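J.: Letter by letter, the sequence shown follows residues 4 to 135 of this note's numbering. Got a structure for you, questions after.
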Amino acid sequence: MIVVDASAFVEFLTDENGLAHAVAEELYRDGEWVCPSHTTIEVASALRGLWLGGRSTKAEFLSRMAALGQLDPDLVAAGPLLPRIVDLAENASPYDAAYVALAEHLRAPLITTDGKLARISGGSADVRVLTA
């Protein structure tokens, strides 16, 4: 089981930073993906931002949104994670803290392409930052 953050899914769907292959290896090595419940919407928002920012076409946006709908992570409600999210609030946004809190709770590695998750002070999660 691995916790996967939005940055990893965005990279998997877009290869925006040349890391799609590395993300795919992690995803398919394990196969059991767990995420906070907001992840799908966070990924959709990022894909929309790439399109509206001129970094992808509308056709790419639509194709990626369809692919996002085919991903099937187990989504975990954030409510039970809120006390830990509050603990991490001085050092992380609630979005980022939710990934760390879930990874800690499940004792599962957190897969990300966002280095700031590894630098969250007070977090004890096994954060694996994928880089080129």
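Yeah, the Cβ is synthetic: ideal placement off N, Cα and C, and Gly gets one too. Predicted, not measured: the structure shown is a model, and the values here were computed from it.
In the DSSP assignment, find the unbroken alpha helix (DSSP H) run with I88 in it and report its ends.
T.: Residue mapping note: residue 88 aligns to position 85 of the sequence shown, counting from 1. Segment L85 to D90, the alpha helix (DSSP H) holding I88.
J.: How many Å lie between T43 and E28 at the Cα?
T.: If you number the sequence shown from 1, residue 43 lands on position 40. If you number the sequence shown from 1, residue 28 lands on position 25. Taking the straight line from one Cα to the other gives about 20 Å.
J.: Is D77 helix, strand or coil by DSSP?
T.: Translated into the one-based positions of the sequence shown, residue 77 becomes position 74. In this structure, D77 counts as strand in the three-state DSSP scheme.
J.: When the Cα atoms are used, what is the spatial distance from N94 to G34?
T.: Reading the sequence shown from its first residue, position 91 is the one you call residue 94. Reading the sequence shown from its first residue, position 31 is the one you call residue 34. Whole-angstrom Cα-Cα distance: 30 Å.
J.: Check I5 in the structure and name its three-state DSSP category.
T.: Reading the sequence shown from its first residue, position 2 is the one you call residue 5. The answer is strand: DSSP assigns I5 an E or B state.
J.: Please name the residue or residues paired with R131 in a DSSP beta bridge.
T.: The sequence position of residue 131 within the sequence shown is 128, counting from 1. BP columns for R131 point to I114.
J.: How many angstroms separate the CA atom of V132 from the CA atom of D99?
T.: The residue you call residue 132 lines up with position 129 of the sequence shown. The residue you call residue 99 lines up with position 96 of the sequence shown. Cα to Cα, V132 sits roughly 13 Å from D99.
J.: If we require 4 or more residues per run, which alpha helix (DSSP H) segments fall completely within the segment 16–49?
T.: Taking only runs of at least 4 residues, the alpha helix (DSSP H) segments lying wholly in the segment 16–49 are 23–33.
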